[in-house]
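Each remark here refers to the structure printed beneath this line.
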Amino acid sequence: AQSVTQLDSHVSVSEGTPVLLRCNYSSSYSPSLFWYVQHPNKGLQLLLKYTSAATLVKGINGFEAEFKKSETSFHLTKPSAHMSDAAEYFCVVRMDTGRRALTFGSGTRLQVQP
Amino acid sequence: SAVISQKPSRDICQRGTSLTIQCQVDSQVTMMFWYRQQPGQSLTLIATANQGSEATYESGFVIDKFPISRPNLTFSTLTVSNMSPEDSSIYLCSTLSSYNEQFFGPGTRLTVL
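Protein sequences appear in the order of chains R and Z.
Heads up: take any position in the first sequence, counting from 1, add 151, and you land on our numbering.
Heads up: take any position in the second sequence, counting from 1, add 8, and you land on our numbering.
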């Protein structure tokens, strides 16, 4: 079975400081990994995805994530937080076995303090 | 990327009634998915709906409670039957692009009194 664990339910940073949202996954197969963002009362937006190409993935709005197979991790980072980054972030896994549905992590709420 | 619309965007319903949620995609897609997001929670897959076949339900979800239709490659419906307050959630439709990216509709916010 596939699963993802988001290690922090809440993260608070100051504007202009780095962001780190942690995610670990477990899988028996080669996974595809994603980060989605959900702003309050808005839909889900794909930030970035890893699909067995480059291990360092760049996404939208300055976010990036690094796939580390030895650590089974896919942490999301951003060098400098903006107020507009405040949202809920979901780490998501999909097994490349023909089954295309996603398994979502529990989410991390990012707060950005002025 | 696919553009997905859902109707209604929100509804308040009485216990024991049923609500049908519509999902429309602006292009033809093979696979469509229905997810539920309970208040303050993450997303949980309800079922996968492929055109021309019966929907595949995840553990904990049954067809009698959540019947799904998939009449063509651009449309699907999810019905929440015999509703109770525990069914209050956001219901999201999702599709898979040709690049294996999954896109989500805006969601239907359901409140059951």
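Don't be surprised by glycine CBs; every beta carbon is placed ideally from N, CA and C.
Remember, it's a predicted structure, so these values are computed and weren't measured experimentally.
I'd like the span of the beta strand (DSSP E) that includes residue i, first residue to last.
i      : result
Y176/R : 174 to 177
R78/Z  : 76 to 80
F225/R : 224 to 229
T87/Z  : 83 to 88
P182/R : 182 to 189
E217/R : 215 to 219
N192/R : Run containing N192/R: none; DSSP gives neither H nor E here.
Around the C-beta of residue i, are 16 or more other C-beta atoms found within 10 angstroms, so that it is buried, or is it exposed?
i      : result
V155/R : buried
Q22/Z  : exposed
M234/R : exposed
D95/Z  : buried
V70/Z  : exposed
Q189/R : buried
L53/Z  : buried
T28/Z  : exposed
Y187/R : buried
Can you give me the Cβ contacts of residue i inside the same chain, cut-off strictly under 6 Å, excluding the 5 residues immediately before and after it?
i      : result
R117/Z : R18, I98
R118/R : The question about residue 118/R has no answer here: the residues shown for chain R are numbered 152 through 265.
F255/R : F241, V243
I20/Z  : T119
F185/R : K200, V243
P230/R : P169
E239/R : Q189, G258, R260
Measuring only between beta-carbons, confirm whether residue i sits less than 8 Å from chain Z.
i      : result
S203/R : no
S257/R : yes
A252/R : yes
G213/R : no
N210/R : Reading off the sequence, residue 210/R comes out as Gly, not Asn. No, G210/R lies away from the interface with chain Z (no Cβ there is under 8 Å from its Cβ).
Excluding five sequence neighbours on each side, which residues of the same chain lie with their C-beta closer than 8 Å to the C-beta of residue i?
i      : result
V162/R : V170, L171, L172, T259, R260, L261, Q262
D72/Z  : S89
G194/R : none
Excluding the 5 residues preceding and the 5 following residue i in the sequence, name in chain order all residues of the same chain whose CB lies nearer than 7 Å to its CB.
i      : result
F111/Z : S9, A10, I12, S102, T103, S105
S50/Z  : none
A55/Z  : W42, A63, T64, Y65, E66, F69, F74, I76
D34/Z  : A10, V11
Handout entry: chain R contacts made by the stretch 34 to 53 of chain Z, where a contact means CB separation under 7 Å
Key = M39, F41, S50, L51, L53
Practice task
Note down, in chain order, all residues in the stretch 219 to 242 of chain R with a beta-carbon under 8 Å from any beta-carbon belonging to chain Z.
Solution key: F241
Handout entry: Residues of the stretch 13 to 26 of chain Z with Cβ closer than 7 Å to any Cβ of chain R, in chain order
Key = none
Practice task
Output, in sequence order along the chain, the residues in the stretch 67 to 82 of chain Z whose CB is closer than 8 Å to any CB in chain R.
Solution key: none
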